[in-house]
Amino acid sequence: MYPKSQFWLLFLFKDSTTKKSRIEMEESVKNLTESGSVEEQKIISSWDEMVEKGLGNFGWTQFLQSILVSVAMYFDSQQLFTAVYTDDYPTWHCTNHSTCTQTSDICNIPMSSWAWDGPSSKTIISQFGLECASSFITGLPQSSFFIGCLLGSFLLASLADSSLGRKNMIILSCLSMSIISLIMVLSTNIWVYSALKFLIGFCRSSISTCCLVLLTEKVSTKWRFTVGIIEFVFFTSGYMSLPAVAYANRNSSWKYLYVWTSIPGICYSLIAYFFVTESPRWLLMQGRVQEAMKMLKGVQENGAASLAKKPSDRKRASLSQLYASIAELFRTSWAPKRMAAVMGLGLGIGMVYFGMPLAVGNLNYNIYLAVVFNALMEIPSCVVTYFLGNCARKLSIFGFSLASGICCILCVVIGNWPQGVKVSLAVASFFCACTAFNVFLIYIIELFPTCVRNTAASLARQAVVFGCIFSPFLISAGRKNGIFSYGVFGVVIICSTFTLLSLPETRGVALSDTMDQQEKKEMSMCEMGNKGKL
């Protein structure tokens, strides 16, 4: 994907390089370092290429690291979709057939005339007595969760770019999310429950972006798409595990679902603390060259330190403020425009991707099977995403987003058609949204340099989560009229694809580390494109 002929051969094979050639290369680096500002870009370029070479091929060590990092997504997806079961309307039956029928509205008949199927603590609706509550009250917990995600994404995003780093951010987020999830069993009413859901959303807001950024920064350009797929596979696995856990506890309180999904997350956080390594790119940007060199195979430390000197000095100066990466992102004229377009695109894709699984109750279908069908669609979506690695990012996102929107609208248009047709369209829409979302996440990583990458990705996910805040209310209204849920989902995702017109193509382009490097690289590509037209 990134031509090997463009890499500098400085310090590539430390053990096999002769002493004479090492001296010659060190002198070359010294001359570059002592040059004026004209040569500075060569140093930056050499630094980027040196990192690419140092990362090398995708070996067993990198594979195991990718697995360890991606496991966090397993627990993240469980917390994301747990509400499908814990916040569901349980089924009920009549106990007094003289005043109750199966078509009765339980809010208009005596409570002694009906009873819940199973224990009254099966979901929060039955335990907290919310069967007659408004859609605002019943949708409040999940909306609070997404509000927490939105706020956390804004407040925590730059910490992974600055003081904490990718690794520590993942561990702290996963640990706090799991602990609060365990505390959830102490909820006594909808207000306490909603407050804890807000905290869970706040804590888990940085997990997905930090995982993807850490994975892609620990491998060379050739393998970054592959490790992204590994993350998606674990996210899917966590999603697919929920129906099994929920079914095993179908006759128990909703609290058991939080217990069985939180304790493993706590154990994972402790393991990850000792075995997961930090991003070498982030370490270099922090000036921690010695630590980074331990992860870069065959890179001579003295030469690497010389190459990394100027970029790391620039970064240390910019980190005098905690949220300097946000200021760095908006320092140029092109970055804010690009960020706005990406956020618009993310809002549409995210509304369908996260809204469709939460709306399975509107299909009047077996809730366990419905979630299984949606979860199973994540698998072919990951496979398709993998084969899209050599395809244009913009075209891939546009095609699958458009198809998803059309399927959503058809769910409303078909009206009283057989239920199987509507379920099939809903599943197809989710599959297309999954694929578009997978490519979208990788596309974000490629659009921004290392110094602001995590912040940019988190801001994009803020737009995704912003749309999700309204999804619970739309889904509740959609129980009576599907146009308020599926109809709105379809229109929004189709309209969001128009933002792609203002975004560049990134397929096969190496990652940049500074804003100036990113800007100069794109200017160079534009000039080459203009020459090609001439």
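Taking the UniProt record's numbering, the leading residue of the sequence shown gets 1, the next gets one more, and so forth. Each residue gets a CB set at the ideal place from its N, CA and C atoms; glycine is no exception. Note that the coordinates shown come from a computational prediction; the quantities given were computed from them, not determined experimentally.
Sequence-distant residues of its chain with Cβ nearer than 7 Å to residue i (five each side left out)
i	result
Leu257	Thr82, Tyr85, Thr86, Val245, Ala246, Asn249
Ala436	Ile349, Ile397, Phe400, Ser401, Ser404
Ser318	Low confidence applies to Ser318: its pLDDT is 41, below 50, so where it sits in the model is not reliable, and the reading given next is rough at best. Here the set comprises Ala324, Glu328.
Pro336	Phe330
Ala426	Met356, Leu363, Cys411
Cys434	Tyr353, Met377, Glu378, Ser381
Asp516	none
Ile229	Cys382, Thr385, Tyr386
Ser237	Tyr74
Thr332	Met515, Glu519
Ile442	Phe225, Gly228
Assigned secondary structure, residue i (DSSP; H/G/I helix, E/B strand, else coil)
i	result
Trp334	helix
Trp417	coil
Cys451	helix
Cys100	coil
Trp282	helix
Trp223	helix
Cys132	coil
Cys107	coil
Cys149	helix
Cys432	helix
Cys391	coil
Ala359	coil
Ala510	coil
C-alpha gap between residue i and residue j, whole angstroms
i	j	result
Tyr239	Ser121	23 Å
Glu217	Trp260	32 Å
Cys468	Phe373	21 Å
Leu182	Cys203	13 Å
Phe274	Trp92	49 Å
Ile124	Gly59	47 Å
Ile493	Ile406	9 Å
Val452	Asn416	49 Å
Ser429	Gly487	12 Å
Met285	Pro449	11 Å
Ala340	Arg393	18 Å
Thr61	Trp223	14 Å
Lys480	Gly165	47 Å
Gly287	Lys167	17 Å
Leu369	Phe484	24 Å
residue 547	Trp254	What is shown of the chain runs 1 to 534, which leaves residue 547 out entirely.
Ile444	Gly361	32 Å
Asn96	Tyr365	26 Å
Thr497	Met111	49 Å
Leu511	Val465	26 Å
Ser163	Gly389	32 Å
Trp334	Pro264	43 Å
Lys197	Pro418	36 Å
Exposed unless 16 or more other CB atoms sit within 10 angstroms - verdict on residue i
i	result
Cys132	exposed
Met523	exposed
Val421	exposed
Phe330	exposed
Leu474	buried
Asp76	buried
Gly129	exposed
Ala195	exposed
Cys211	buried
Asn108	exposed
Asn454	buried
Phe136	exposed
Ser220	buried
Ile67	exposed
Asp105	exposed
Gln102	exposed
Asn291	According to the sequence displayed, residue 291 carries Glu and not Asn. The residue is exposed, with fewer than 16 neighbouring Cβ atoms inside 10 Å.
Neighbourhood of residue i by C-beta distance below 6 Å, restricted to the same chain and skipping five residues each side
i	result
Tyr268	Val71
Ser126	Pro90, Trp116, Ser120
Cys94	Cys100, Trp114
Gly118	Asn251
Leu503	Ala341
Arg507	Ala392, Arg393
Pro472	Gly139, Gln142, Ser143
Arg314	Interpretation of Arg314 is limited by its pLDDT of 45, a score under 50 that renders its predicted location unreliable; the figure taken from the coordinates is listed afterwards. Counting only Cβ-Cβ distances below 6 Å, and skipping sequence neighbours, we find nothing.
Asp161	Ser325, Asn454, Thr455
Close beta carbons around residue i, own chain, < 8 Å, minus the five adjacent residues each side
i	result
Met343	Leu459, Ala460, Gln462, Ala463
Thr277	Gln65, Lys167, Lys218, Met295
Ser279	Gly165, Arg166, Lys167, Val213, Leu214, Glu217, Lys218
Ser241	Tyr74, Gln78
Any C-beta of chain C under 8 Å from that of residue i
i	result
Leu410	The displayed structure is made up of one protein chain only, and chain C is not part of it.
Completely contained alpha helix (DSSP H) runs for the stretch 195–274, where each covers 4 or more residues: 207–217, 224–248
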